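What the sequence shown shows, in the working numbering, is residues 176 to 603, in sequence order. See structure below.
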Amino acid sequence: MSDTVIKVENLSKQYRLGVVGTGTLSHDLSRWWHGLRGKEDPYHIIDETNDISSKGRSTNVWALRDINFDVKKGEILGVIGKNGAGKSTLLKILSRVTAPTKGTVKAKGRIASLLDVGTGFHPELSGRENVFLNGTILGMTRAEIKNKLDEIVEFSGTLRYIDTPVKRYSTGMRVRLAFAVAAHLESEILIVDEVLAVGDAEFQKKALGKMHGVAKDSGRTILFVSHNMAAIKTLCNKGILLKNGLIDFRGSTRACIQEYLAQNIAEYSLHELEGNISRSGNGKVKFIAFHLENESGDLINYVLTGETIALVFKIKVADRSIKMIDIGFSLHNHYNERLCFLYSSFQNTLFSADEGETLEIRCFIKDFPFTGRKLVVRGRIEADGSEADWPKVNLGTIDVEPGDFYGTGKINDSKDPFLIKGTWDIVK
């Protein structure tokens, strides 16, 4: 159709793990000769999809496999999925940073992309010079770029540093300027990866508003990748869910988010937390289990708003004793928005353990204030001042039911994310 701006057909991307520069001229010539005669690629291998949670046997992995979709003018497509699902690879192909192994991408118009911090910026050039460089790459004249310069500088908040080499910018400054350049220069397609998460909350809100505005007012097409489901829900018209390099679901933004959350919110057993899951840290201390208890120490599988509960973290020390163990956890709602974060050190509490020791550490929360029907628990451990364990999976979930938060004998079924208590009197 004439209003289709991006059309992706049978798109696939293959990588060879642990190998750099695997292609050779003789291989390319052989592939060309076999293709010319209508024969199969002599180097084609049946490989595995990209499941980062398990170790495969093949060194050939499909980061993307048989991707098909189209985006129309003025649409904002949200691309979601777990880490390693293929989101960034897809955007790099659409931005022409890397080539697909198979398939085609047809795009109408110029493409501006923000994939990594400082992408497209020359570190030795000033911010001003980089604005002109990016505009020239997009095919704009110097006069056109100059007309946009003041808007770009004002939006990014970099006026004081616009003539300073970009290599001296902080990460946040580079992100702000890079987004301002991509959003304000004349392109028909804007591609934005999760890099916006680097910016502060105020700039993120400003950037989301700008993307919504350029799509609505200028008819620009936007592809947006984020782990922030609230941002996806607010900004996007439709979505696709990637899983292990495949499109697992496509549809309305709401339906896509619900499908993603249904897959992603899962409790991990003792075996799974000890096993081959995605995590970072030096491994000196690790989470091995998580569960909930009531005030009496009984295991529970749901929480009433207003009651006292305990989050119980089972951890194991590796091959040396640790003097200072700092346990942290965060609670997230079903849109992946963080509601709170707490380290034991915030309350001057640290733990110690001997080599090979296993500890169960409880954190009591009085008058549990949150009302969300399902919350996600994530965790992080620091040991002797260094990151020891940061699982990239959820430690577990908390099912929340309405309770008598105020102690009045009435169930408070509030739609607000949390409740508070106050003390009231008359000022005399």
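Built from N, CA and C at the ideal position, the CB exists for glycine as well. Please read these numbers as outputs of a predicted model, since none were measured by experiment.
Open item on the list: Let me check understanding here. Comparing Cα to Cα, which of Met404, Lys248, Arg335 and Phe330 lies closest to Ala353?
Closed with: Phe330
TODO: Determine, using beta-carbon pairs with one atom in the region 373–393 and one in the region 494–501, whether at least three such pairs fall under 8 Å.
DONE: no
Open item on the list: Given this structure, state the Cα-to-Cα distance separating Gly472 from Leu486, to the nearest angstrom.
Closed with: 10 Å
Task: Assumed close pair Thr264, Leu239 - CB separation to whole angstroms, cut-off 8 Å - done: 6 Å
Open item on the list: According to DSSP, is Ser345 part of a helix, a strand, or is it coil?
Closed with: coil
Task: Range covered by the beta strand (DSSP E) that runs through Glu576 - done: Gly571 to Glu576
Open item on the list: Assuming contact is defined by CB atoms lying nearer than 8 Å, are His359 and Leu436 in contact in what I supplied?
Closed with: no
Task: Beta-carbon separation (whole angstroms), Leu506 vs Leu550, contact threshold 8 Å - done: 5 Å
- [ ] Can you tell me which of the three DSSP states Thr179 falls into?
- [x] strand
Open item on the list: Using 8 Å as the threshold, is the C-beta distance between Leu290 and Lys257 below it?
Closed with: no
- [ ] Flag this pair as yes or no: are the beta carbons of Val180 and Ala318 separated by less than 8 Å?
- [x] no
Task: Beta-carbon proximity of Ile337 to Val328, cut-off 8 Å - done: yes
Task: Leu474 vs Glu576 beta-carbon contact at 8 Å - done: no
Task: Cβ-based neighbour list, Arg351, same chain, cut-off 7 Å, excluding 5 preceding and 5 following - done: Ser331, Gly332, Thr333, Gly374 and Phe378
- [ ] Name the one or two DSSP bridge partners that Thr533 has.
- [x] Lys491
Open item on the list: Taking the beta carbon of Gly196 as the centre, do at least 16 other beta carbons fall within 10 Å, making it buried, or is it exposed?
Closed with: A caution first: Gly196 carries a pLDDT of 49, below 50, which makes its placement in the model unreliable, though a value can still be read off. It is exposed - the Cβ of Gly196 has fewer than 16 other Cβ atoms within 10 Å.
- [ ] Select from Pro566, Ser270 and Gly582 the residue whose C-alpha is nearest the C-alpha of Ile452.
- [x] Pro566
Open item on the list: I'd like the ranges of any alpha helix (DSSP H) spanning at least 4 consecutive residues and lying wholly in the region 284–346.
Closed with: 302–312 and 317–331
TODO: Counting only the same chain and skipping the five closest in sequence on each side, list residues whose C-beta sits under 8 Å from that of Lys342.
DONE: Pro298 and Glu299
TODO: State the DSSP-derived secondary structure class of Glu377, mapped to helix, strand or coil.
DONE: helix
Task: Gly302 versus Asp564, Ile586 and Pro340, residue with shortest Cα-Cα distance - done: Pro340
TODO: Could you name the residues of the same chain whose beta carbon sits closer than 6 Å to that of Lys596, not counting the 5 residues immediately before and after it, in chain order?
DONE: none
TODO: Tell me, to the nearest whole angstrom, how far the beta carbon of Leu313 is from that of Glu361; I am working on the premise that it is less than 8 Å.
DONE: 7 Å
Task: contact_flag[the region 246–260, the region 410–417] where n(CB pairs < 8 Å) is 3 or more - done: yes
- [ ] Could you check which residue in Gly450, Lys188, Asn469 and Lys541 has the C-alpha nearest to that of Val568?
- [x] Gly450
TODO: For Val400, write down the residues that DSSP places opposite it in a beta bridge.
DONE: Val254
Open item on the list: If I follow the unbroken alpha helix (DSSP H) through Lys247, where does it start and stop?
Closed with: Run containing Lys247: none in the alpha helix (DSSP H); it sits in the beta strand (DSSP E), Asn235 to Lys247.
Open item on the list: Given this structure, state the Cα-to-Cα distance separating Gly284 from Lys214, to the nearest angstrom.
Closed with: 35 Å
TODO: Label Cys431 either buried or exposed according to how many other C-beta atoms from any shown protein chain fall within 10 Å of its C-beta, with 16 as the threshold for buried.
DONE: buried
- [ ] With Leu269 as the anchor, note down where its alpha helix (DSSP H) starts and where it stops.
- [x] Lys262 to Leu269
- [ ] Tell me whether Leu392 sits in a helix, a strand or coil according to DSSP, three-state version.
- [x] Residue identity differs from the one stated: residue 392 is Asp in this sequence, not Leu. Residue state, collapsed to three classes: helix.
Open item on the list: Looking at Phe526: is its Cβ nearer than 8 Å to the Cβ of Leu517?
Closed with: no
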